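Chains as they are written, first to last, in the numbering used here: chain A, 1 to 275; chain B, 1001 to 1275. A virtual CB, placed ideally from N, CA and C, is assigned to each residue, including glycine. In this text, all values refer to a predicted model and were calculated from it rather than measured experimentally.
There are 2 protein chains.
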Amino acid sequence: MAFTHRRVRRVRQLVAKRAMRRSEGVLVAEGADVIGAAVAAGAPVESLYWAPEAAGMPAVSALVDAVIDAGGRAYPLAPGVMERVADTVTPQPVIAVIGHEMAGLDALDGATLVLVLDEVRDPGNAGTLIRAADAAGATAVVCTAGTVDPTNPKAVRASAGSIFHLPVVEGVPSDDVVEVLAEHGLPTAVTVARGGEDYAAVDWRGPTAVVVGNEAHGITAGIERQADRRVSIPMPGAAESLNVALAAGIVLFEIARQRRVVTGPEESSDLAPRP
Amino acid sequence: MAFTHRRVRRVRQLVAKRAMRRSEGVLVAEGADVIGAAVAAGAPVESLYWAPEAAGMPAVSALVDAVIDAGGRAYPLAPGVMERVADTVTPQPVIAVIGHEMAGLDALDGATLVLVLDEVRDPGNAGTLIRAADAAGATAVVCTAGTVDPTNPKAVRASAGSIFHLPVVEGVPSDDVVEVLAEHGLPTAVTVARGGEDYAAVDWRGPTAVVVGNEAHGITAGIERQADRRVSIPMPGAAESLNVALAAGIVLFEIARQRRVVTGPEESSDLAPRP
């Protein structure tokens, strides 16, 4: 029981402390969907904990089996313990400690599409952005030094497992990131609320990095000054702006669209509007 | 003081009760940004309440002036009162009761782009979807009967004021919505995670309604059966799906892109990838 107590305390600390996650090379994922995505992606689930109410759930039973088969451990928690461990007011019935290493800059070697998060502060946005980058086929994600930790449990949850699908580089200073990307053959396009080129009028078929900025303040000045291009999404309606995840998704999927038309199997489906 | 107490109790009830919001023809908006967007849109702010910590904020002072100029009332709250009224754990320092009527079906007359929320359950998603529809120039939003209330304070906040920009119709039964849209000249396209036409290969220049479904279960069977077309967003990466707001935004802005190319001022910017 004391043994379990020590384990639970460690999970709680891992939920709260970025430095401890890094030093141990793990992150904490909450919920059967995200943990299932980690298992499917081959991520090493070190330990799994489930609350009493999860005992009868087929999804949780399947997870327990999968984790043990892969060499991990699984522990039931006493009533009320999950509430003290988890990050949320209404915790998921299952939580896992999963091995996860941040990527080095070599993840950018040969990259053709990179999403850069510049001082994004909300962990939910960070996770949603990683999910969008993954869905759009990005090679990697880069977080500047002022960006929220992408292994924050809220970010992991919002990524819906995408954090296990593609390399995420962190801690690149905003003032250096354009140069770092250029060294890897990636010109940098920043998204700005207004005044940039129409994002849909850009030829996106070559390698590129796309930068999205802070929810309130946008891109940092250094990046905007050094970037190769500034793009905006024309908004025909009355809304003043788009949220950062939506803006990134729209640009990333325009890039995917253009690359699909040119290189995909369905060459005949010319996606320009027909006259 | 008893008078203030009655007012505060009413606001708290309006935060919680959809039926009361409807019967009084109001909604509750939290935060200077959203309330400011309501004022800018000409929405009638009936009453504004601010917490003591908001007293020195220029944005709040400007709001108070604007509300009073427009014939509304503004009340300071005693310390700790906002925490009892607001919807969130960390409440915004300012909250307002704003006149707001749901639209009737005549809002669909002459519509060229309508977004339909079919059993969307999360109020944050509903608000983000309304914001995306507004930004993309949609004429109206339709919520099926099983969709979360778009005047839920969380939805209002996530809409970033867009709820004041375009008409929102609610309560249309899922089984009837395709027919209702058709009567207004709007063919219906449903978004499905996979198996539909490539959304970018569709000619979107004519009037259309786009339907997004429940976060977990997608579009209801009746709508999917009756719809004129099913579209999907090809995902070159490993992510299994996109969140509903992102999927809607990608489709809506592809529609805006196609219409801009054909009818916009910059006819020369052919948005097909150049050879």
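Item                                                                                                                                                        : Value
Exposed or buried, what is B:Asp-1109 when buried is set at 16 or more other beta-carbons lying within 10 Å of its beta-carbon?                             : exposed
I'd like to confirm the pairing. Which residues does DSSP put opposite A:Ser-241 in its beta bridges?                                                       : None, per the DSSP bridge assignment.
Once you ignore the five residues that flank B:Ala-1070 on each side, which residues in its own chain have a CB closer than 8 Å to its CB?                  : Val-1039, Pro-1044, Val-1045
Run through DSSP, which three-state label would B:Pro-967 get?                                                                                              : The displayed coordinates of chain B run from 1001 to 1275. Any statement about residue 967 of chain B would go beyond what the structure contains.
Looking at the unbroken beta strand (DSSP E) that takes in A:Arg-73, where does it start and where does it end?                                             : 73-76
Mind checking A:Ser-23: buried by the 16 CB within 10 Å criterion, or exposed?                                                                              : exposed
Which residues in chain B have a C-beta closer than 9 Å to the C-beta of A:Asn-152? List them in chain order.                                               : Result: empty, since nearest Cβ-Cβ is about 17 Å, beyond 9 Å.
Against A:His-165, what residues of chain B qualify as contacts under a CB-to-CB distance less than 9 Å, listed in chain order?                             : Gly-1237, Ala-1238, Ala-1239
Apply the 10 Å Cβ neighbour rule to A:Asp-65 and answer buried if 16 or more other Cβ atoms are within range, or exposed otherwise.                         : exposed
Go to B:Gly-1031, then tell me how far its alpha helix (DSSP H) extends in each direction, as first and last residue.                                       : Careful: B:Gly-1031 lies outside any alpha helix (DSSP H) and carries neither H nor E.
Assign B:Asp-1118 to buried or exposed, taking buried as 16 or more other Cβ atoms, counted over all protein chains shown, within 10 Å of its Cβ.           : buried
Quick check: is the beta carbon of A:Arg-229 nearer than 8 Å to any beta carbon in chain B?                                                                 : no
Which term fits A:Gly-171, buried or exposed, when burial requires 16 or more other beta carbons within 10 angstroms of its beta carbon?                    : exposed
Return the CA-CA distance between A:Ala-256 and A:Ala-189, expressed in angstroms with no decimal places.                                                   : 15 Å
Kindly list, in the order they appear in chain A, the residues whose Cβ is closer than 8 Å to that of B:Leu-1242.                                           : Arg-131, Ala-132, Ala-135, Gly-249
If I follow the unbroken beta strand (DSSP E) through A:Ser-232, where does it start and stop?                                                              : 229-232
Can you tell me whether A:Pro-275 is buried or exposed? The criterion is at least 16 other CB atoms within 10 Å of its CB, across all chains shown.         : Here the model assigns A:Pro-275 a pLDDT of 37, short of 50, so the residue's position is not dependable and the matter cannot be decided.
Alpha helix (DSSP H) containing A:Glu-170: first to last residue?                                                                                           : Segment 168-172 is the beta strand (DSSP E) holding A:Glu-170; no alpha helix (DSSP H) there.
Alpha carbon to alpha carbon, what distance is there between B:Ala-1055 and A:Ala-133?                                                                      : 42 Å
Need the endpoints of the alpha helix (DSSP H) that B:Gly-1099 sits in, please.                                                                             : Unbroken run through B:Gly-1099 is the beta strand (DSSP E), 1094-1099; no alpha helix (DSSP H).
If contacts are defined as beta-carbon pairs under 8 Å, then B:Asp-1087 and B:Lys-1154 qualify, I think. What distance do you get, rounded to the angstrom? : 6 Å
For the region 1022-1033 of chain B, list every residue whose C-beta sits within 8 Å of some C-beta in chain A, in sequence order.                          : none
Report yes or no: is there a C-beta of chain D within less than 8 Å of the C-beta of B:Arg-1084?                                                            : Considering every chain present, this structure includes no chain D. Its protein chains are A and B.
Let me see if you follow: with CB-CB separation under 8 Å, is B:Leu-1246 close to chain A or not?                                                           : yes
What are the start and end residues of the beta strand (DSSP E) that includes B:Leu-1063?                                                                   : Element bounds for B:Leu-1063: not the beta strand (DSSP E) but the alpha helix (DSSP H), 1058-1069.
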